[in-house]
Amino acid sequence: MNKTEKHIVPELLHPIRLQEYGVGIFNSALTKSALKKAIKKELITVNGVLASTATFIKGGETIKISVPEIKKAKKELIFPLPVLYEDEYLAAIHKPAGILVSGNSFKTIANALPQNLKKSTLIDAAIPQPVHRLDYPTTGILLTGKTSNSIRILNKLFEDKKIQKTYFAITIGKMDSKGVITATIDGKKSKSKYKVLKTVPSKRFGNLNLVKLKPKTGRKHQLRIHLASIGNPILGDKEYGKEDLILNGKGIYLHAYSLKFTHPFTQQKLCLKNELPERFRKVIG
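Encoded structure:
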């Protein structure tokens, strides 16, 4: 049996690609990648015509998505998440280490969000969805959308680099007090800025540094790759660290500290923070 959802497009100022417009609207395909897959599988129609990745929405169309219904798991994921900020449109939570943000696994942040956030009372309320990613071992602040419009718009803000991200890491070895790292990752340009805030001596590692990081692009594993490329891998990073300097059993020392942006609906200037974990303070003093 197929589950069908229908959406009538309101008046739009400018045409927009279906795969951009539809983000956050349909519960069966909330993300941009899910929409693309649904379009390629010929599950979406616009005014009764099969949609393609080249379909533009201009306003007034009826969009339908019909996907095979999947039986929900009998159990719900009970996984408490500290909520750092929440309103009717969006929320920011603390992501602990050792859990995926989303994916096919049962234990993900996405699956835990409905039990941790209040349901929006707005007309376009949706299942809360993360609007960016953090690596499996990384801790820190994660932004989520609570309505179809906020999910779509927040995704666009990240794509347009209008949300400033700040991270902290503990790195290994002697390094310059500040710098800019550029590299090509998966064939795409990437850029990060760093500043060393504190350095302490270490018998095993030589030096350990508390580093403030500002990624200017959003490539996969970008900060981990960048720091390793200048000879200062992140403490605990088994994938990009030096073989003889791996710290086992403590996790990676990379923390998403803050997100700074203008609230797309209230126009409030927000700087949402997730304070440095105690384990960082124990290492760096």
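Taking the numbering used here, I'd label the letters of the sequence shown as residues 277 to 561.
For each residue, glycine too, the CB sits at the ideal point set by N, CA and C.
Have a look at N387 and L393 and give me their C-alpha separation to the nearest angstrom. 11 Å
Distance check for T338 and L499, CA to CA, integer angstroms please. 42 Å
Does the separation of the CB atoms of P286 and I333 fall below 8 Å? The answer is no: Cβ separation not under 8 Å.
One question on the structure: do V325 and N278 come within less than 8 Å of each other, judged by their Cβ atoms? no
Residues in the same chain with beta-carbon distance under 7 Å from L366, minus the five sequence neighbours each way, listed in chain order, please. L419, T420, G421, K422, S426 and L430, listed in sequence order.
N380 burial status per 10 Å Cβ neighbour count (16 or more: buried): Classification of N380: exposed, given that the 10 Å Cβ count is below 16.
Are the beta-carbon atoms belonging to L353 and K395 less than 8 Å from one another? no
Look at P553 and H531 and say whether their C-beta atoms are less than 8 Å apart. yes
Exposure of K479, with buried meaning 16 or more beta-carbon neighbours within 10 Å: exposed
Could you check the C-alpha separation between A571 and H283 for me, to the nearest Å? As shown, the chain starts at 277 and ends at 561. That puts residue 571 outside it, with no answer to give.
Can you tell me whether N524 is buried or exposed, with buried defined as 16 or more other CB within 10 angstroms of its CB? exposed
Put K549 into one of helix, strand or coil per three-state DSSP. strand
Determine the extent of the beta strand (DSSP E) in which Q440 is found, giving its start and end residues. Q440 to I448
Once DSSP output is grouped into helix, strand and coil, what is the label at H370? strand
Out of G298, K514, K441 and G561, which one is the CA nearest neighbour of L489? When each option's Cα is compared against that of L489, the closest is K441.
Beta-carbon contacts of I417 that lie in its chain and below 8 Å, excluding the five residues immediately before and after: Here the set comprises L360, A368, I369, H370, K371, A532, Y533, S534, L535, L548, K549 and N550.
Against chain D, does K545 count as a neighbour if the rule is that its beta carbon must be under 8 Å from one of theirs? The chain inventory of the structure shown lacks chain D, comprising one protein chain alone.
Flag this pair as yes or no: are the beta carbons of T331 and K312 separated by less than 8 Å? Taking 8 Å as the cut-off, the Cβ atoms of T331 and K312 do not count as close.
Tell me whether the beta-carbon of G507 lies closer than 8 Å to the beta-carbon of G455. no
If you compare alpha carbons, which of I399, Y529 and A504 is closest to L511? Y529
Just mark S453 as buried or exposed, buried being the case when its beta carbon has 16 or more other beta carbons within 10 Å. exposed
Excluding the five sequence neighbours on either side, which residues of its own chain have a C-beta within less than 7 Å of the C-beta of V407, listed in chain order? The beta carbon of V407 lies closer than 7 Å to those of L419, T420, G421, I427, L430, N431 and F434 in the same chain, with the five residues before and after it left out.
Once the 5 residues before and after A265 are set aside, which same chain residues still bring their CB inside 6 Å of it? In this structure the chain extends from 277 to 561, so residue 265 is not present and cannot be described.
Buried or exposed: which applies to P404, given that a residue is buried once 16 or more other Cβ atoms fall within 10 Å of its Cβ? buried
Given a cut-off of 8 Å on the beta-carbon distance, is the pair K492 and K518 in contact? With respect to K518, K492 sits apart: the two C-beta atoms are not nearer than 8 Å.
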